[in-house]
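Since the structure comes first, as structure tokens, the remarks are kept for the end.
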Amino acid sequence: VTSEKPLQLEKQLKSELQKAEAILDPELFSKKPDVLSQKEVNTIEMSLGVDAPLAFKKEDRHSFGQWLSLTSAKPIIRTEEESELPEDSKKKHFDMIDKFLADTPKLAPKGTLEKNPNLAKQFTKGSDSLMTETLAKVYVQQKNYKKAIQAYEILSLKNPEKSGFFADQIRAIQLLLDQNKEK
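One point on numbering: in the numbering used here, the residue at position 105 of the sequence shown is 525, and numbering is uninterrupted.
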């Protein structure tokens, strides 16, 4: 009985040493570049739906094509009847313009501005309220991974109940982004 205890202790000690060596292995702490095989890249792209068509739901008000048709410019068709004015009317209009120019006081120009503010800056930044999952998917399909990551981060803040899903999407996109940097 006494000879079994040292054997057990020795076995336990060896197993603990093996565990400690595995934990203290310096290779575990060195960061290795993740090099994905083409198959892994294809799997990640398939899970993100990079080349898949976007599925629209009933809650969506319009498809992309419908949005484009709503915003399309239509030419104004003018007829000659509308554009032609009688000579008396033209003369009256020109007289009114001349009178306005004569009666209106002239404005002195302001001095040169020392600093020209960028008035367009407030309109160039995209609104976070317009961020949707569909837009994030569009960014992924366009392979605009940085904007897709930013979109998913915004969505994660807007929808905390889905933050786990968004974090998984961000990790997958980050892997694709890292893979494309290495090429």
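The C-beta atom is built at its ideal place from N, Cα and C for all residues, glycine as well. All figures in this text were calculated on a predicted structure; none of them were measured in a lab.
Cβ neighbours of Lys567 in the same chain (closer than 7 Å, five flanking residues each side left out): Tyr559
Segment limits, alpha helix (DSSP H) that includes Asp588: Ser583 to Glu602
Three-state class that DSSP yields for Pro473 in the structure shown: coil
Please report the residue range of the alpha helix (DSSP H) in which Gln562 lies. If you look at Gln562, you'll find it isn't in any alpha helix (DSSP H); DSSP assigns it neither H nor E.
Quick one: grab the DSSP three-state call for Pro525. coil
Give the secondary structure of Ser457 by DSSP, where H, G and I count as helix, E and B as strand, and everything else as coil. coil
Is Leu539 buried or exposed, if buried means 16 or more other CB atoms sit within 10 Å of its CB? exposed
Gly469 and Lys557: beta carbons closer than 9 Å? Yes; because the gap between Cβ atoms is below 9 Å, this pair is in contact.
What's the C-alpha gap between Ile590 and Leu597? Roughly 10 Å between the two C-alpha positions.
Is Asp480 helix, strand or coil by DSSP? coil
Could you have a look at Thr544 and say whether DSSP puts it in helix, strand or coil? helix
Would you check if the distance between the CB atom of Met551 and the CB atom of Ala528 is smaller than 9 Å? no
What number of angstroms, rounded off, separates the C-alpha of Leu427 from the C-alpha of Glu436? 14 Å
On a CA-only basis, which of Lys425, Asp588 and Lys526 is nearest Ser467? Give me that one, please. Asp588
Under the rule that 16 or more other beta-carbon atoms within 10 Å means buried, what is Ile593, buried or exposed? buried
Which of the three DSSP states is assigned to Thr499 in this structure? coil
Assuming contact is defined by CB atoms lying nearer than 9 Å, are Phe586 and Leu595 in contact in what I supplied? No, these two residues do not count as a Cβ contact at 9 Å.
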